[in-house]
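Using the UniProt record's numbering, the first residue of the sequence shown is number 1, and each one after it goes up by one. Backbone N, C-alpha and C define an ideal beta-carbon position, used for all residues, glycine too. Here the structure is a predicted model, which is why all the values come from computation and not from measurement. Notes follow the structure.
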Amino acid sequence: MACVRSVWALKYLNSVKNVFTCFVSVTDQNKKNYVFINQAMSWSSAQQYCRKNYKDLAMIENQEENTEAQNAKPSNNVVWIGLYREPWTWSDGSRSSFRNWLPTTGLNNVDKNQHCITENPQHQWADEFCNIPWLFLVLDWTDSPAGGPSLWVLLQLTSTETC
Numbered sequence: 001m002a003c004v005r006s007v008w009a010l011k012y013l014n015s016v017k018n019v020f021t022c023f024v025s026v027t028d029q030n031k032k033n034y035v036f037i038n039q040a041m042s043w044s045s046a047q048q049y050c051r052k053n054y055k056d057l058a059m060i061e062n063q064e065e066n067t068e069a070q071n072a073k074p075s076n077n078v079v080w081i082g083l084y085r086e087p088w089t090w091s092d093g094s095r096s097s098f099r100n101w102l103p104t105t106g107l108n109n110v111d112k113n114q115h116c117i118t119e120n121p122q123h124q125w126a127d128e129f130c131n132i133p134w135l136f137l138v139l140d141w142t143d144s145p146a147g148g149p150s151l152w153v154l155l156q157l158t159s160t161e162t163c
């Protein structure tokens, strides 16, 4: 029987395209988890992706959830969240009462055609054309296996050798 030694290295998540940066920290049942998806899509494509692989686009309903969502994404990205208009509704069809609009131009609604919402690097929201590809945040309500915190990392096999 042959012996094989393998060397694994932690791959920096932000340097890899189309890799999910998944931060899941579940301590209470039904606590929302936000997952950053490092792949640009239109709002509707992002919604379909989220519904197929997680739960839905991010729904942020209070300041605590806003902070959690902010922590789930790299600070320099603009991302889709699950809010669209009119009236302001989350991707799952529920009404939205919490807002975090960009003070100056958050609701400019150019040509009355900006119906989907992005979150900017300063974590403020703005309306945008829905067909523009942006990265996005996913809502995931799954519990971690042991009920405690977990972190997904990407490992890359860097070398193998036969002993």
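Once the 5 residues before and after residue 65 are set aside, which same chain residues still bring their CB inside 7 Å of it? On the sequence shown, residue 65 is found 65 positions in, with the first residue counted as 1. Cβ within range, chain order: 32.
Please work out which residues of its chain come closer than 6 Å, Cβ to Cβ, to residue 85, disregarding the five sequence neighbours upstream and downstream, and give them in chain order. Position 85 of the sequence shown, counting from 1, holds the residue named residue 85. Closer than 6 Å at Cβ, skipping near neighbours: 115.
Tell me whether residue 39 sits in a helix, a strand or coil according to DSSP, three-state version. Residue numbering aside, residue 39 sits at position 39 when the sequence shown is read from its first letter. If DSSP states are grouped into helix, strand and coil, residue 39 belongs with the strands.
What ranges does the alpha helix (DSSP H) occupy inside the UniProt domain "C-type lectin" (29-139), keeping only unbroken runs of at least 4 residues that lie completely in it? 43-53, 63-71
Which value, in whole angstroms, describes the spacing of the CA atoms of residue 132 and residue 42? For the purposes of this step, residue 132 is taken as the residue at position 132 of the sequence shown. For the purposes of this step, residue 42 is taken as the residue at position 42 of the sequence shown. Spanning the two alpha carbons is a distance of roughly 5 Å.
In whole angstroms, what separates the C-alpha of residue 62 from that of residue 98? Taking the sequence shown and counting its residues from 1, the one referred to as residue 62 is at position 62. Taking the sequence shown and counting its residues from 1, the one referred to as residue 98 is at position 98. Cα-Cα distance, rounded: 6 Å.
Figure out for me which residue from 137, 35, 125, 39 has the closest Cα to the Cα of residue 88. In the sequence shown, counting from the first residue as 1, residue 88 sits at position 88. Among 137, 35, 125, 39, the Cα nearest to that of residue 88 is on 125.
What's the gap between the Cα of residue 79 and the Cα of residue 101? Taking the sequence shown and counting its residues from 1, one reaches residue 79 at position 79. Taking the sequence shown and counting its residues from 1, one reaches residue 101 at position 101. Those two C-alpha atoms are separated by around 14 Å.
Assuming residue 135 and residue 58 are in contact, meaning their beta carbons sit under 8 Å apart, how far apart are those beta carbons, in whole angstroms? Locating residue 135 in the sequence shown gives position 135, where the first residue counts as 1. Locating residue 58 in the sequence shown gives position 58, where the first residue counts as 1. Contact flag wrong, Cβ pair sits at about 12 Å.
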